[in-house]
Amino acid sequence: MPAAVSRLFSPIRIGSLELPARLFKTATAETRAAADGSVTDEVVAFYRLQAKGETPLIITGNIYVTRQGKSAPRQLGADDDARIAGLARIPEVVHTYGGRIFAQLNHCGRQVVPNFVGNRDVVSASGVTDLLTGTRPRALGADEIAAIVEHFAAAAARCREAGFDGVQIHSANGYLLSQFLTPYTNRRSDEYGGSLEGRSRLAREILAAIRRRCGDDFPVIIKMNGADKLPLRNGLSAAELAQAAQRMEDAGVDAVEISVGHYESGFPMVCGSFDLCLRHMVRGSMAQLPTVRRLLMRAMRPLVAMASNRLWPAREGFNLDHAPEFSRRLGIPLICVGGFRHREAMEAALASGRCDAVSAGRPFIADPFFFRHLRDGEPGPACVDCNGCVGHLGAQPADCYHPEVRSQKDAMLAREDV
C-alpha cells in the first residue's frame, strides 16, 4: 500500500489559482530596485533563484503604490504605467520555471524614517507619533483616502498586466492599512474610524476597487496581524483581528496570511537572536533617526539586544497561537508565517487544522532552493535566526549575512552554476 502523500505537498486552491504545495515564500523587502523604484537585474535574479528552487508561490517584498507610501530606499514601485514593462520581467522569469508569484502592495503610512526615504509628507489614519522612530504623521483627509484606494487598484491592475498571478494587500505589521485597523493608531471619528466596521473600511474599499479593475478571476489575498502585540496601548487581539478577516472574506478576498506586531512592538515578527541584527540596524536605517534617538539607540544597543533575545527567542510556528481564532471564522485558506524551518513543524501545523498553508521568509534568503531541498530531503544552507538580514533591510540587499551560512550559500550557488 503506497504511503500517504504529505499534506504539505498536496495541492491548494487560492481563488482561481491551484498551487501544487502548501509552503510559500512570504514577502521580504528585496532592497534591490533602482533608486527610482524600477526593476533591476538584481531583483530578477533574486526571484529567479527562488523559482528555480520550485517554490510553489512567491510573494514579492512590499511594492509601493504611491511615492508617498514608500518606506525605504531601493524599494520597488508600481505607481505608474511606465513601470509595467519592468515589472513584467519578474513573473516572466518565475513562470519560466513553472512557479507562481503575487505582488505585495503596500503604503507605509507612519512607519517610515523621513530622512531615510526623503519623504516629509508622512500620513496615517491619525496624527499619532511612532514611538520607535519619533515620526509624527498627519491624518489623511477623506479625499486623500479615496486617492489611496485608487492608487492600490491602479497598482494591482498594472501588476496584472505585467503578468503577476495575483496580489497581496499588506494590512499587517503596522503599515498604513494596519494603522487604520488598530484603535491605537486610528482615533478618527468619521466613517473610517470608531467601530471595527469603520476601521476596516479602507481595506474593504481597496479590495472592491481591485475587483472592479482586475475582475473576480484574479487572486487577491491579504496579510493581517494575528495579534497587534502593543502592550499598554489599544491594540487588537486575535479574536478582534479574526473578525476583521471575516469581513475581508465577505468582501471577496481569496486567502489570509497572518503575521504579528507593529514596529513599536519590538521583534515578535522575527523571533530569534538580535545582536547581529541590531548592529546592522544602527548602521543602516536607524542611522537616519533624529539625533537623540539615534544616539540613544547606539548606546542602548547591547541592552536592547539582550532583552530582545530573551523576549523573542527562536520558535517554529510562533503565530500558530493566534491561528485558531481565524480558522474558526474563515472559509478561505489561512496561511501562517512565523519561524518555520523544518518539515516536521510545518506538517504538524497543517495536521492540527490551525492553518491551510505555511509561509517563510528568512529560510529562503539563506537558501533560495529551500522548498526543493525540504521536499526532497536534501541538505542546504540553514537559517540560524541571527536576523542579520532583517537588520540590513532597506539599507543593503536582502541576503544572508551570517558568515558561515553565507559561505554555504555561496558554495551551493557555485555548484548550481547560477
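Residue 157 in our numbering sits at position 20 of the sequence shown, and the numbers go up by one each step.
By construction, the Cβ of each residue, glycine as well, lies at the ideal position given by its N, Cα and C atoms.
Values in this document were obtained by computation on a predicted structure and should not be read as measured data.
(message) In this structure, how does DSSP classify L339 when only helix, strand and coil are distinguished?
(response) Three-state result, L339: helix.
(request) Consult DSSP for H510 and reduce its assignment to one of helix, strand or coil. (result) Helix at H510.
(message) Going by C-alpha to C-alpha distance, which of I282, D267, Q205 and A436 sits closest to E258?
(response) Checking the sequence shown, residue 258 turns out to be Asp, not Glu. For the set I282, D267, Q205 and A436, the Cα lying nearest the Cα of D258 is the one of Q205.
(request) May I have the straight-line CA-CA distance separating A140 from G190, to the nearest angstrom? (result) Since pLDDT at A140 reaches only 49, below the 50 mark, its modelled position is unreliable, and the value read off the structure follows with that caveat. Approximately 25 Å, taken between the alpha carbons.
(message) What does DSSP give as the partner residue(s) for I358 in the beta ladder?
(response) Q305 and A392, per the DSSP bridge assignment.
(request) Quick one: grab the DSSP three-state call for M418. (result) In the three-state reduction of the DSSP assignment, M418 falls in the helix class, which pools H, G and I.
(request) Could you have a look at Y201 and say whether DSSP puts it in helix, strand or coil? (result) DSSP places Y201 in the strand class (E or B) of the three-state scheme.
(message) Distance check for L154 and R237, CA to CA, integer angstroms please.
(response) Whole-angstrom Cα-Cα distance: 9 Å.
(message) Whole angstroms are fine: how far does the CA of C245 sit from the CA of A488?
(response) C-alpha separation (whole angstroms): 35 Å.
(message) What residue range does the alpha helix (DSSP H) around E281 cover?
(response) A279 to A299 is the span of the alpha helix (DSSP H), which, as asked, contains E281.
(request) Find out if the Cβ-Cβ distance for the pair C492, A503 is shorter than 9 Å. (result) No. Outside cutoff.
(message) Which same chain residues end up closer than 6 Å to A451 when comparing Cβ atoms and leaving out the 5 residues on each side of it in sequence?
(response) The residues C408, G409 and D522, in chain order, have a CB closer than 6 Å to that of A451 in the same chain once the five nearest residues on each side in sequence are set aside.
(request) From the DSSP output, in three-state form, read off N243 for me. (result) Three-state DSSP puts N243 in a strand.
(message) For the pair the stretch 209-216 and the stretch 161-173, tell me if three or more CB-CB distances fall below 8 Å.
(response) With contact defined as three or more Cβ pairs closer than 8 Å, the stretch 209-216 and the stretch 161-173 are in contact.
(request) May I have the straight-line CA-CA distance separating E328 from V390, to the nearest angstrom? (result) One C-alpha to the other measures close to 21 Å.
(message) Suppose the cutoff is 6 Å on Cβ atoms and the five residues either side in sequence are ignored; what does the same chain contact list for A532 look like?
(response) Once the five neighbours on either side are set aside, the close Cβ partners of A532 are G421 and S422.
(message) Does the stretch 265-277 come into contact with the stretch 441-450, if we say contact requires no fewer than three beta-carbon pairs (one atom in each stretch) closer than 8 Å?
(response) Two segments are said to touch when three or more pairs of C-beta atoms, one from each, lie closer than 8 Å; by this definition the stretch 265-277 does not touch the stretch 441-450.
(message) Closest to G255 by C-alpha separation, out of R435, M483 and L426, would be which residue?
(response) Cα-wise, what sits closest to G255 is L426.
(request) Go through the stretch 502-552 residue by residue and report every complete run of the beta strand (DSSP E) that reaches 3 residues or more, in order. (result) Listed in chain order, nothing qualifies, since the stretch 502-552 has no complete beta strand (DSSP E) run of 3 or more residues.
(message) Quick check: what's the CA-CA separation for A166 versus V180?
(response) Straight-line Cα distance between these residues: approximately 10 Å.
(request) Identify which residue in L530, A392, H479 and T270 has its Cα closest to the Cα of F468. (result) First, the residue type needs correcting, since residue 468 is Gly and not Phe in the sequence shown. It is A392 whose Cα lies nearest to the Cα of G468.
(request) Confirm, please, whether the CB-CB distance from M406 to G398 is below 9 Å. (result) Yes. Within cutoff.
(message) Taking only three categories from DSSP, how would you classify M138?
(response) The predicted position of M138 is uncertain, since its pLDDT is 35 and thus under 50; a value taken from the coordinates is nonetheless stated next. Residue state for M138 is assigned as coil, using DSSP reduced to three classes.
(request) Tell me whether K207 sits in a helix, a strand or coil according to DSSP, three-state version. (result) DSSP places K207 in the coil class of the three-state scheme, outside both helix and strand.
(request) Using only alpha-carbon positions, find the residue among E342, R348 and E281 that is nearest to A294. (result) Closest in C-alpha terms to A294, from the list E342, R348 and E281, comes R348.
(request) Would you mind reading off the limits of the beta strand (DSSP E) that contains K366? (result) Per DSSP, K366 belongs to no beta strand (DSSP E) and is neither H nor E.
(request) Going by DSSP, name the residue or residues bridged to C473. (result) In DSSP, C473 forms a bridge with I395 and V495.
(message) Are the CB atoms of C414 and V230 within a distance shorter than 9 Å?
(response) By the CB criterion at 9 Å, V230 and C414 fall outside the cutoff.
(request) For L313, collect the residues of the same chain with a Cβ closer than 6 Å to its Cβ; drop the 5 residues on either side in sequence, then sort them by chain order. (result) By the criterion of a C-beta distance shorter than 6 Å, L313 is surrounded in its chain by H244 and G246, once the five residues flanking it on both sides are discounted.
(request) Pull up the distance between the alpha-carbon of Y538 and that of S544, whole angstroms please. (result) About 9 Å.
(request) Put V231 into one of helix, strand or coil per three-state DSSP. (result) Under the three-state reduction of DSSP output, V231 falls in the helix class.
(request) Give the straight-line distance between the Cα atoms of R431 and R438, rounded to the nearest whole angstrom. (result) Taking the straight line from one Cα to the other gives about 10 Å.
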